[in-house]
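A quick write-up on the structure given underneath.
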Amino acid sequence: MANFTFLHFFTILIFSFLISRISARNIPYNSSITALNDLTYNQTRRVCDTSRFAKLGLDMNDFAYCDKSLPYAVRVKDLIDRMTLSEKARQIGDTAFGVARIGLPKYEWWSEALHGVSNVGQYYSLASFFDKVVPGATSFPTVITTTASFNESLWKAIGQAVSTEARAMFNLGHAGLTFWSPNINVVRDPRWGRVLETPGEDPFVVGKYASNYVRGLQDVEGTENAKDLNSRPLKVAACCKHYAAYDVDNWLGVDRYHFDSRVTEQDMMETFLKPFEMCVKEGDVTSVMCSYNRINGIPACADPKLLKGKIRGDWDLHGYIVSDCDSIEVMLHGHKWLGDEPEDAVAQGLKAGLDLDCGNYYTNYAGNAVVQGKVKESEIDESLTNLYFVLMRLGFFDGSPKFENLGKEQICSKENIELATQAAREGIVLLKNEDQILPLNSKKVKTIAVVGPHANASSAMIGNYAGIPCKITTPIHGFSLYSKVDYKAGCGEILCKNESLIFPAMKAAKKADATVLIVGLDLSVEAESLDRVDLLLPGYQTQLINQVAQVSKGPVILVIMSAGGIDISFAKNNPKIKSIIWAGYPGEEGGRAIADVVFGSYNPGGKLPLTWHENSYVDMLPMTSMPLRPIDNLGYPGRTYKFFNGSTVYPFGYGLSYTNFTYNLLSARQKIQVKLNKFQHCRDLNYTAGTHVPPCRAVSIDDLECGDDLNFDFSIEVENIGKKDGSDVLMIYWIPPEDIAEAPLKQLIGFKKVFVKIGEKKKVDFVLNACKNLGIVNYRAYNLLAAGGHNFVIGNGKLSFPVQVSFHR
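Going letter by letter, the sequence shown gives residues -24 to -1, 1 to 785 in mature numbering (1 follows the signal peptide of the UniProt record, and there is no 0).
Encoded structure:
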């Protein structure tokens, strides 16, 4: 009797909770029935289970959508055709409420897995959560840190580990199957607050990261190259966001809910769309999220050219398009788009190709929009088709035997924690190492002063869009594994608003054999909805660094935790500061990784994925100026390493090692001769005045047959001539023919990470294609292959070679 009373009471509590959530979202009362039916779904982890249908008073054999012998297209159509208009509308919000009478349960679409399974989401979303059953998940370094490794296999491995934990959590009823990650916006301006979420400033690198991480999340081994991509099985479903030209959050009163990104077609093709194209075409991602901002006056989520035209048309998305959360409300109240009423905005989104609304505007107004004649019901059907195909592929209906054995032992496993540690090590960038002070010798450094506002960092290392980490190794704990630590904070917090704690830090540095200063930024300075106004360390941090360095008995190592670059010219030029390390936000094992690098257990090989500008850069142009190329009449410089030719603190791709590498060109194709037929015509390119112009300047890449005959392959020998084993990143930069007005200064077109032991030589082969890698997007937005001498530079210029491109008939 006591057990019955408790169960009865527990059921009432659940019911009351559902009613409160329903009221909060203004959802009709009877949706609670569907939500309660989720209890039976959570037990079986598949919709099409005979016992589950029986508990609902239904016979599963009556529903063709559960017939595994039928193609997905037939099953999906059967499911949709069974719904009324109002029921359809209730399935196209991030909370899909299900239809109890046909056995369809509720589903929460919104989960996050940016660098580990996260519990970030709407307050009413229960898709991913932690409790006593699943207390945490592996928290890998933030994306900007992992990208600094320039290791494609690592990026994919992290995706695989995250999706394994996600599937295990799904089996335990603690996660969904659809994850709205990764963020693949290009960092156009160093002030952007969301730098930590992104793979940096180069669209090619961003696209490579996206496709590898997405493959890690989604791919089921053995089905990667399935002929029918619309039915290819999925481990979990990823989402590349935020599409497109989105990189202003909140800067001096300009926010993302009102900003209109004025972008040329040239920049759209070359920079803002490129990573998304790679994510869809190379990563076969199942979802793309459109952003809050307008693009040339049109809200991104209401632009059929960008959604239906590009994503689903040109790129052939096999999945669904979702809005950033409450984007339709932003269209109405932020952009005041066309003076729309809610039904108008909903109709605009559906017609543009927006399948899923993160929010409740579709849920509340899509039915009315159809009744009012503003959109066809078949367009809702089309959206539902795209959504249910993805759920079919995920095993939501039929289960996924391959993953059903995953459980708690796969979450926070030793292997995943070690992978997180390795990712942090590989992402660390050595910026300065005068007199080869690093690595420190633990036999000689008996005491070490670890000071600074990040010296005891814990949650700050995790960044945002994070869950609960398995464990956290702080820097002071990491260093205590090598030496006796004297810890002093130096600042009360990152903003370092007073100098009262500097003197104790100085006292510690006077006595220690070495001093490590760990400073930087955190989410109080750079974050979603928070852009920076300068590129300086906050408050008294600079004073802390200078005064501690001045009195330190032993060598001083400066460690920066941040996402965006910081003007640390003062430290770079300070002879008392022998070494500088950038650690990004290194995840749950960041403290161990930093100590391993400082004491030489790991030889750093990371490279900066974005330019570190001097603070004067912010006075040269407003953050709201979108063009990447210089605007001469306004005196604005170019953006990113591709178009900025001024002085920097540290350039894109910069990073040192404890050893030295040399390069030798073993072989390379020197000429590419393209024979044109009578249907292929020469195109114009702008050149600077006084330049010798070839008779046929360029050809449209769309007009070429881009086969193997346009490949140019080369081999480079890398030799480790130093005294320590280490990894090197071969970065291949392309410099277009001289004096082409529209061309970038240089552009990364390939990279490979290679581990080389002391005294060893390794051959590294590259196969690139003139069409894919040498395209110049001119101001008319044609993608052209230019005639002339194309030059290729390896890394910082240690090695270069030319390739001549010519056209003839």
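Ideal placement from N, C-alpha and C gives every residue a C-beta, glycine not left out.
Reduced DSSP category for Asp357 - H, G, I as helix; E, B as strand; rest coil: Working through the sequence shown from its first residue, we reach residue 357 at position 381. Looking at Asp357 - three-state DSSP - the assignment turns out to be helix.
Other residues of its chain near Phe39: CB distance less than 7 Å, five sequence neighbours each side excluded: Position 63 of the sequence shown, counted from the first residue, corresponds to residue 39. Within the same chain, Cβ atoms closer than 7 Å to the Cβ of Phe39 are found at Ile78, Gly79, the five residues on either side in sequence being excluded.
Cβ-Cβ separation, Ala465 to Leu477 (assumed contact under 8 Å), whole Å: Residue 477 sits at position 501 when you count from the first residue of the sequence shown. Residue 465 sits at position 489 when you count from the first residue of the sequence shown. Between Leu477 and Ala465 the beta-carbon gap is near 5 Å, inside 8 Å, which marks them as a contact.
Start and end residues, beta strand (DSSP E) containing residue 787: Since the first residue shown for the chain is -24 and the last is 785, residue 787 is missing from the structure and cannot be characterised.
Selection from Asp357, Asn754, Tyr41 that minimises the alpha carbon distance to Asp54: In the sequence shown, counting from the first residue as 1, residue 54 sits at position 78. Among Asp357, Asn754, Tyr41, the Cα nearest to that of Asp54 is on Tyr41.
CA-to-CA distance, Ser115 to Leu680, given in whole angstroms: The sequence position of residue 680 within the sequence shown is 704, counting from 1. The sequence position of residue 115 within the sequence shown is 139, counting from 1. When rounded, the distance between both Cα atoms is 45 Å.
Phe619 beta carbon less than 8 Å from that of Leu642: Position 666 of the sequence shown, counted from the first residue, corresponds to residue 642. Position 643 of the sequence shown, counted from the first residue, corresponds to residue 619. Between Leu642 and Phe619, the C-beta spacing is not below 8 Å.
At least 3 beta-carbon pairs within less than 8 Å: the stretch 231 to 238 vs the stretch 322 to 330: Fewer than three beta-carbon pairs drawn from the stretch 231 to 238 and the stretch 322 to 330 are found closer than 8 Å, and the two stretches are therefore not classed as touching.
CA nearest to the CA of Ser125, picked from Gly581, Gln519, Ser500, Gly74: Position 149 of the sequence shown, counted from the first residue, corresponds to residue 125. Ser125 has its Cα closest to that of Gly581, out of Gly581, Gln519, Ser500, Gly74.
Contact set for Glu305: own chain, Cβ-Cβ below 7 Å, skip 5 residues either direction: Within the sequence shown, residue 305 is the residue found at index 329, counting from 1. Gly335, Tyr337, listed in sequence order.
Same chain only: Cβ atoms within 6 Å of Val650, ignoring 5 sequence neighbours per side: The residue given as residue 650 occupies position 674 in the sequence shown. Only Phe783 meet the Cβ criterion.
Under the three-state DSSP convention, the category residue 800 falls into: This structure gives no information on residue 800, because the portion of the chain shown stretches from -24 to 785.
Cut-off 8 Å between Cβ atoms - residues of its own chain near residue 800, not counting five sequence neighbours on either side: With the chain covering only -24 through 785, there is no way to say anything about residue 800.
Val119 - DSSP class collapsed to helix/strand/coil: Here residue 119 corresponds to residue number 143 of the sequence shown, with the count starting at 1. In this structure, Val119 counts as helix in the three-state DSSP scheme.
Proximal residues to Val351 (C-beta, below 8 Å), its chain only, five neighbours per side dropped: One-based indexing of the sequence shown puts residue 351 at position 375. Excluding sequence neighbours, Val351 sits near Val322, Ala323, Leu326, Lys327, Ala342, Ala345.
Proximity to Asp333 [Cα-Cα], best of Ala719, Thr616, Gly69, Arg645: Here the question's residue 333 lines up with position 357 in the sequence shown. Put simply, of Ala719, Thr616, Gly69, Arg645 the residue whose alpha carbon is nearest the alpha carbon of Asp333 is Gly69.
Whether Asp715 touches Thr667 by CB criterion (8 Å): Residue 715 sits at position 739 when you count from the first residue of the sequence shown. Residue 667 sits at position 691 when you count from the first residue of the sequence shown. The answer is yes: Cβ separation under 8 Å.
Gln656: first and last residue of the uninterrupted alpha helix (DSSP H) it sits in: As a first step, residue 656 is located in the sequence shown; it is residue number 680 there, counting from the start. First-last for Gln656: undefined, no H or E at that position.
Residue range of the alpha helix (DSSP H) that includes Asn344: Here residue 344 corresponds to residue number 368 of the sequence shown, with the count starting at 1. For Asn344, the uninterrupted alpha helix (DSSP H) run begins and ends at 337 to 347, by DSSP.
Buried/exposed call for Tyr593, threshold 16 Cβ in 10 Å: Within the sequence shown, residue 593 is the residue found at index 617, counting from 1. Classification for Tyr593: buried.
Coarse secondary structure for Trp168, derived from DSSP in three states: Translated into positions along the sequence shown, residue 168 becomes position 192. Reduced to three states, the DSSP call for Trp168 is coil.
Proximity to Tyr617 [Cα-Cα], best of Phe180, Asp279, Asn754, Lys286: For the purposes of this step, residue 617 is identified with residue 641 of the sequence shown, where counting begins at 1. Checking every option, the nearest Cα to that of Tyr617 belongs to Phe180.
Separation of Lys583 from Lys378, as counted between CA atoms: The sequence position of residue 378 within the sequence shown is 402, counting from 1. The sequence position of residue 583 within the sequence shown is 607, counting from 1. In this structure, the CA atom of Lys378 is about 38 Å from the CA atom of Lys583.
For Gly273, three-class secondary structure by DSSP: As a position in the sequence shown, residue 273 is number 297, starting the count at 1. When DSSP states are grouped into helix, strand and coil, Gly273 belongs to the coil group.
CB of Leu497 within 8 Å of CB of Asn591, strictly: Here residue 497 refers to the residue found at position 521 when the sequence shown is read from its first residue. Here residue 591 refers to the residue found at position 615 when the sequence shown is read from its first residue. No; because the gap between Cβ atoms is not below 8 Å, this pair is not in contact.
Continuous beta strand (DSSP E) stretch holding Leu407: start and end: The residue given as residue 407 occupies position 431 in the sequence shown. For Leu407, the enclosing beta strand (DSSP E) covers residues 405 to 409.
N-terminal and C-terminal residue of the beta strand (DSSP E) that Trp313 is part of: What you label residue 313 is simply residue 337 of the sequence shown in a count that begins at 1. Element bounds for Trp313: n/a, residue is neither H nor E.
Beta-carbon proximity of Ala431 to Ile494, cut-off 8 Å: Residue 431 sits at position 455 when you count from the first residue of the sequence shown. Residue 494 sits at position 518 when you count from the first residue of the sequence shown. Note that the C-beta distance between Ala431 and Ile494 is below 8 Å.
Thr262 - partner residues in DSSP beta bridges: Position 286 of the sequence shown, counting from 1, holds the residue named residue 262. Looking at the DSSP assignment, Thr262 forms no beta bridge with any residue, so it has no partner.
Extent of the continuous alpha helix (DSSP H) run through Met145: Start at 1 with the first residue of the sequence shown, and residue 145 comes out as number 169. Counting along the chain, the alpha helix (DSSP H) containing Met145 begins and ends at 128 to 147.
Reduced DSSP category for Tyr364 - H, G, I as helix; E, B as strand; rest coil: Working through the sequence shown from its first residue, we reach residue 364 at position 388. Here Tyr364 sits in helix by DSSP.
Best match in Val732, Lys384, Gly560, Leu130 for proximity to Ala113 [C-alpha to C-alpha]: Taking the sequence shown and counting its residues from 1, one reaches residue 113 at position 137. Selected option, being the one with the closest Cα: Lys384.
Close beta carbons around residue 787, own chain, < 6 Å, minus the five adjacent residues each side: Since the displayed the chain opens at -24 and closes at 785, residue 787 lies outside it and no answer follows.
Spatial distance of Tyr516 from Val492 (CA atoms): Within the sequence shown, the letter at position 540 stands for residue 516. Within the sequence shown, the letter at position 516 stands for residue 492. Near 17 Å, if we compare the C-alpha coordinates of Val492 and Tyr516.
Under 8 Å between C-beta atoms of Leu330 and Gln67: Along the sequence shown, read from residue 1 onward, the residue named residue 330 stands at position 354. Along the sequence shown, read from residue 1 onward, the residue named residue 67 stands at position 91. Not closer than 8 Å, so no.
Cβ neighbour criterion (16 or more within 10 Å) applied to His311: One-based indexing of the sequence shown puts residue 311 at position 335. A residue is called buried when at least 16 other Cβ atoms come within 10 angstroms of its Cβ; His311 meets this threshold and is buried.
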